Amino acid sequence: MHACSHIFDSISPLIMKLPIDPNSIKGFLDHEEGMALFNKALIYTKRGPCLEIGSYCGKSALYIGSAAKENNQTLFSIDHHQGSEEQQPGEEYFDPDLINDSGKGINTLPYFLETIKRAKLKDTVSPIISSSEEASINWQQDLAMVFVDGGHSLEAAMADYFLWHKHLIPGGLLAIHDVFPNPEDGGRPPFEIYTLAKESGYYKEWPMIKSLAFLEKLE
Ligand code: MG
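Under our numbering, the residues of the sequence shown are numbered 19 to 237, in order.
Following this line, the structure appears as structure tokens:
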């Protein structure tokens with residue numbers, strides 16, 4: 019167990035296991051979803067490392083990384099750190115704090131690295147600063163858990179699924195964020211890869227937590 023500040027004592031037993039307050043990190047992951055990721059990672063990283071696609075400012079890395087650390091495992095965290103389409107200047111999810119030096123795009127890397135440093139996860143979280151496609155080219159390592167939370171275009175979601183799920187060990191966990199069975203709740207590509215995985219016959223499903231889906235690869 020890790021030291022934690024008494025200021026979290028009254029919040030929840032889980033937050034006490036986290037080295038810093040998740041609300042102090044920019045991001046789109048709901049706390050209940052984060053708790054589910056933490057609890058799953060605590061189980062699945064007993065068998066190997068985890069890889070996440072989409073680091074942003076490190077919120078999910080806090081939850082998953084804190085669990086992986088308990089098992090002395092690694093969390094590989096892939097992101098080009100230039101933001102997705104909807105996070106660019108003028109778009110719906112643009113955050114002016116993240117503007118890059120050119121003023122024409124965003125750079126989330128300083129925020130991500132600061133999160134990892136504050137959470138004392140530098141020895142657990144291995145940042146991979148590249149696109150998902152580039153990172154996959156020479157990838158050899160078996161993975162016990164893959165968390166897909168990258169671009170929401172159909173092309174990006176499909177690539178993230180096909181490039182990474184094949185590295186999951188039997189009994190490993192595929193987690194997908196922003197899965198909306200009802201199209202009125204949000205975009206479809208994460209739901210489409212979730213459906214593909216389910217219909218492949220290679221996975222059994224765990225209950226969803228909000229928009230977070232969990233599929234375990236069959237042995
Ligand atoms: Mg997401």
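Cβ atoms here follow ideal geometry from the backbone N, Cα and C, with glycine treated the same way.
Every value quoted in this text rests on a predicted model; they were computed, and no experiment measured them.
Contact between L55 and Y81 is confirmed by a C-beta separation of about 5 angstroms, below the 8 angstroms threshold. By the rule of a C-beta closer than 6 angstroms to any heavy atom of ligand 1, the residues picked out are F46, D167, H195, D196. Under the 8 angstroms Cβ criterion, the stretch 58-67 counts as touching the stretch 188-199, having at least three qualifying pairs. With distances taken between CA atoms, L47 lies nearest to G72 out of S120, L172, L139, G72.
In the same chain as W182, and ignoring 5 residues on each side of it, the C-beta atoms closer than 6 angstroms to its own belong to V164, in chain order.
With a cut-off of 8 angstroms on Cβ pairs, the stretch 197-205 is not in contact with the stretch 93-101, counting fewer than three such pairs. K235 is positioned such that its CB atom lies closer than 8 angstroms to that of Y220. E70 sits in a strand when the DSSP states are folded into three classes.
If you look at P145, you'll find it in the beta strand (DSSP E) that goes 143-146. In the three-state DSSP reduction, G83 falls in the helix class (H, G or I). Contact between the stretch 143-154 and the stretch 168-182 is present: three or more C-beta pairs spanning the two stretches fall below 8 angstroms. Residue nearest to I61 within the set A215, A162, K222, L214 is A162 (criterion: CA-CA distance). For F46, the secondary structure class from DSSP, reduced to helix, strand or coil, is coil.
Contact check for L93 and S42: beta-carbon distance about 19 angstroms, past the 8 angstroms limit, so the pair fails to qualify. Relative to the Cα of G52, the nearest Cα in the group D113, S78, D141 belongs to S78.
The bridge partners DSSP lists for W224 are F232. The beta-bridge partner set that DSSP reports for A175 is empty.
Between L230 and the set G123, H49, D141, the nearest pair of CA atoms involves H49. Straight through space, the alpha carbons of G169 and K35 are spaced by roughly 30 angstroms.
Looking at the DSSP output, V197 sits in no beta bridge, so it has no partner there.
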